[in-house]
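Numbering (this note's numbering), first residue to last: 1 to 410. By construction, the Cβ of each residue, glycine as well, lies at the ideal position given by its N, Cα and C atoms. None of the values given here were measured: they were computed from a predicted structure.
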Amino acid sequence: MAWIDSLFKRMHEVGASDLHMTSGRKPMLRLSGEMVTIDEAPSLDARQMSQVLLEIAPEANATQFEQERDTDFAYHLEGVARFRANLFEDNRGPGGVFRVIPEEILTAEQLGLPPAILELCKLHKGLVLVTGPTGSGKSTTLAAMVDHINRTRRDHIITIEDPIEFVHQDNQCLINQREVGGHTESFKRALRAALREDPDIVMVGEMRDLETIEIAIETAETGHLVFGTLHTTTAPSTVDRIIDQFPADRQAQIRTMLSTSLKGVVAQTLCKKVQAGRVAALEVLVVNSAVSNLIREGKTHQIPSMMQMGARQGMRLLNDSLLELVASGTIAADEALAKCVDKGGMRSLLEGAGIAFASSEEVSSSELGGDVSSAVDMVEEPKSALPASPGTEQGSRDGAFERFKQMRGR
């Protein structure tokens, strides 16, 4: 068993989403959205950290890390979970960030995805995008959508990921999952190859560059359903981001292509619950003829107004989703204000609903730390001791792992 496996087991047990390893510093967990130091864990020096990280890295990624000083891969701990790993080097030395990818894929029903998103899963051609900042749960939502298709349709699905996160088992569909760096050289190369592999549906983990975006649009135009992700915060900004990737002399052409190929955008952000945990607020754009015309004519600033009028089609703005979460008592009003893009509009909605909120946008330190401090205070004896740091014996000098605090949300 790798030295770091015990850390992975413990972070999975306490419900942490991420593990941060930095040379010369104690490991930290992201728990209920907040960073928490693991006080009883050892601080590893650069040599020890390199040993720990490279112990679990595939050979190709270890070589890439030695040459380029960063690399991405997936690590599977049997019976626990998969982890998305990023190794890097900073001014302190080697480091790594590991995100939990649950072995069980949450269904659309478990996530509470609205019917409009499930309708997008019924399409047979076009481009559907799931967007949001890093760590907003895009992969979880996209996995649920692919899982829904896998249970309700008979199609050939190709996924292109870096790395493969959620592993899908064939149900009604045949699913081929390809990993950039392991099974293919790049997103754009795999996407071009996919057209020769008789796909019905192609899922592109990240649309990182102009060429990948262009091929994805072309693939959607040729009669395939394409799912992809972007790091944008709203549906209208997603349209602008795609168009702005292209030179000015091509933007009119891309607008026309996008107006016919884009079928929907799901923009999401994760919010801290009043109780422990986090919940996604979703903005949903369904591209109808009116929205298509706005995209073609370069009037994306009018899309929010069209979304307000499209509630019957399942469209919703991020602020509306946030208001629902506040009204149901799931999140606090100040959390909604912190996570919204249109703060003036959010304040107006809260005032109209008679919901009180802090006049300042800053949240007090007590509000920020509530869940985390409780988690740190509620220490239980772990089921088993964790190993000493590399190069030491159990129970030896500074850096030995004696016990690990088990943290739980309220």
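(1) Kindly list the residues whose CB is nearer than 8 angstroms to the CB of Ile101, restricted to its own chain and excluding five residues on each side of it in sequence; keep chain order.
(2) Do you know offhand how far Gly298's Cα is from Asn288's?
(3) Distance check for Phe98 and Glu40, CA to CA, integer angstroms please.
(4) Using CA atoms only, rank isn't needed, just tell me which of Gly126, Ile175 and Lys273 is closest to Thr418.
(5) Per the DSSP calculation, Cys271 is bridged to which residue(s)?
(6) So, does the stretch 325-332 touch the stretch 342-360, judging by three or more C-beta pairs under 8 angstroms?
(7) Spell out a yes or no on whether the stretch 263-281 and the stretch 330-345 are touching, meaning 3 or more CB-CB pairs, one atom from each, closer than 8 angstroms.
(8) So, using beta-carbon positions, are Met207 and Thr229 closer together than 8 angstroms?
(9) Less than 8 angstroms between the C-beta atoms of Leu44 and Val36, yes or no?
(10) Identify whether Arg255 lies in helix, strand or coil by the three-state DSSP scheme.
(11) Can you give the beta carbon distance from Asp200 to Ile157, rounded, assuming they're within the 8 angstroms contact cut?
(12) Let me confirm a value: Pro305 is counted as buried when at least 16 other C-beta atoms fall within 10 Å, else exposed. Which label applies?
(13) If you run the structure through DSSP and keep just helix, strand and coil, what is Glu197?
(14) Within its chain, find whatever has a CB closer than 6 angstroms to the CB of Arg316; leave out the 5 residues flanking it on each side and keep chain order.
(15) Excluding the five sequence neighbours on either side, which residues of its own chain have a C-beta within less than 6 angstroms of the C-beta of His20, listed in chain order?
(16) Under the three-state reduction of DSSP, which class applies to Val266: helix, strand or coil?
(17) Would you decide whether Ala336 is buried or exposed? Buried here means 16 or more other CB atoms lie within 10 Å of its CB.
(18) Out of Ile242, Arg10 and Gly95, which one is the CA nearest neighbour of Ala57?
(19) Under the DSSP definition of a beta bridge, which residues are partnered with Tyr36?
(20) Let's test the definition: count the other Cβ atoms within 10 Å of the Cβ of Thr107 and tell me whether it reaches 16, buried, or not, exposed.
(21) Can you confirm whether the stretch 54-72 touches the stretch 166-176 when touching is taken to mean that 3 or more C-beta pairs between the two stretches lie within less than 8 angstroms?
(22) Using a Cβ-Cβ cutoff of less than 7 angstroms, which residues in the same chain neighbour Thr22 once the five nearest sequence positions on both sides are dropped?
(23) Which of the three DSSP states is assigned to Ile4 in this structure?
(24) Measuring CB to CB, does Ala190 end up less than 8 angstroms from Gln313?
(25) Relative to the C-alpha of Val204, which candidate in Thr234, Glu197 and Ile213 has its C-alpha closest?
(26) Tell me which same chain residues have a C-beta within less than 6 angstroms of the C-beta of Asn171, skipping the five on either side of it?
(27) Apply the 10 Å Cβ neighbour rule to Ser364 and answer buried if 16 or more other Cβ atoms are within range, or exposed otherwise.
(28) In angstroms, rounded to a whole number, what distance separates the CA positions of Gly33 and Lys9?
(29) With distances taken Cα to Cα, identify the nearest neighbour of Glu161 among Glu185, His148 and Ala144.
According to the structure shown:
(1) Here residue 101 refers to the residue found at position 101 when the sequence shown is read from its first residue. Cβ neighbours of Ile101 beyond the five flanking positions: Ala74, Ala81, Arg82, Phe83, Arg84, Ser139, Glu165 and Phe166.
(2) Residue mapping note: residue 298 aligns to position 298 of the sequence shown, counting from 1. Residue mapping note: residue 288 aligns to position 288 of the sequence shown, counting from 1. Straight-line Cα distance between these residues: approximately 15 angstroms.
(3) As a first step, residue 40 is located in the sequence shown; it is residue number 40 there, counting from the start. As a first step, residue 98 is located in the sequence shown; it is residue number 98 there, counting from the start. For Glu40 and Phe98, the distance between alpha carbons rounds to 19 angstroms.
(4) Any answer about residue 418 is impossible in this case: the structure gives the chain only from 1 up to 410.
(5) Here the question's residue 271 lines up with position 271 in the sequence shown. Cys271 pairs with Val279.
(6) yes
(7) yes
(8) Start at 1 with the first residue of the sequence shown, and residue 207 comes out as number 207. Start at 1 with the first residue of the sequence shown, and residue 229 comes out as number 229. Yes, the Cβ-Cβ distance between Met207 and Thr229 is below 8 angstroms.
(9) Translated into the one-based positions of the sequence shown, residue 44 becomes position 44. Translated into the one-based positions of the sequence shown, residue 36 becomes position 36. No, they are not a contact pair.
(10) Position 255 of the sequence shown holds residue 255. Arg255 falls in the helix class under three-state DSSP.
(11) For the purposes of this step, residue 200 is identified with residue 200 of the sequence shown, where counting begins at 1. For the purposes of this step, residue 157 is identified with residue 157 of the sequence shown, where counting begins at 1. Indeed they touch by this definition, with Cβ atoms about 7 angstroms apart.
(12) Counting from one through the sequence shown, the residue named residue 305 turns up at place 305. Note on identity: in this sequence residue 305 is Ser, with Pro being the wrong assignment. Under this definition Ser305 is an exposed residue.
(13) Here residue 197 refers to the residue found at position 197 when the sequence shown is read from its first residue. If DSSP states are grouped into helix, strand and coil, Glu197 belongs with coil.
(14) As a first step, residue 316 is located in the sequence shown; it is residue number 316 there, counting from the start. Val284.
(15) For this step, residue 20 is matched to residue 20 along the sequence shown. If we look at His20 and ignore the five residues flanking it on each side, its Cβ neighbours are Met28 and Val97.
(16) Your numbering for residue 266 matches position 266 in the sequence shown. In this structure, Val266 counts as strand in the three-state DSSP scheme.
(17) Your numbering for residue 336 matches position 336 in the sequence shown. So Ala336 counts as buried.
(18) By 1-based counting over the sequence shown, the position of residue 57 is 57. Checked all of Ile242, Arg10 and Gly95; the closest Cα to Ala57 is Gly95.
(19) The count along the sequence shown starts at 1 and reaches residue 36 at position 36. Checking the sequence shown, residue 36 turns out to be Val, not Tyr. Val36 is bridged to Leu29.
(20) Start at 1 with the first residue of the sequence shown, and residue 107 comes out as number 107. The residue in question, Thr107, is exposed, as its Cβ has fewer than 16 Cβ neighbours within 10 Å.
(21) no
(22) Counting from one through the sequence shown, the residue named residue 22 turns up at place 22. Cβ within range, chain order: Arg92 and Gly95.
(23) Locating residue 4 in the sequence shown gives position 4, where the first residue counts as 1. In this structure, Ile4 counts as coil in the three-state DSSP scheme.
(24) Start at 1 with the first residue of the sequence shown, and residue 190 comes out as number 190. Start at 1 with the first residue of the sequence shown, and residue 313 comes out as number 313. No, these two residues do not count as a Cβ contact at 8 angstroms.
(25) Locating residue 204 in the sequence shown gives position 204, where the first residue counts as 1. For the residues Thr234, Glu197 and Ile213, the minimum Cα distance to Val204 belongs to Ile213.
(26) Here residue 171 refers to the residue found at position 171 of the sequence shown. So the list reads Asn150 and Arg151, once near-sequence residues are dropped.
(27) Looking up residue 364 in the sequence shown gives position 364. Note that Ser364 scores 39 on pLDDT, short of 50, meaning its location in the model is unreliable; the coordinates nonetheless yield the value given after this. Per the 10 Å Cβ criterion, exposed.
(28) Numbered from 1 along the sequence shown, position 33 holds the residue referred to as residue 33. Numbered from 1 along the sequence shown, position 9 holds the residue referred to as residue 9. Cα-Cα distance, rounded: 19 angstroms.
(29) Within the sequence shown, numbered from 1, the residue matching residue 161 stands at position 161. The shortest Cα separation from Glu161 among Glu185, His148 and Ala144 belongs to Glu185.
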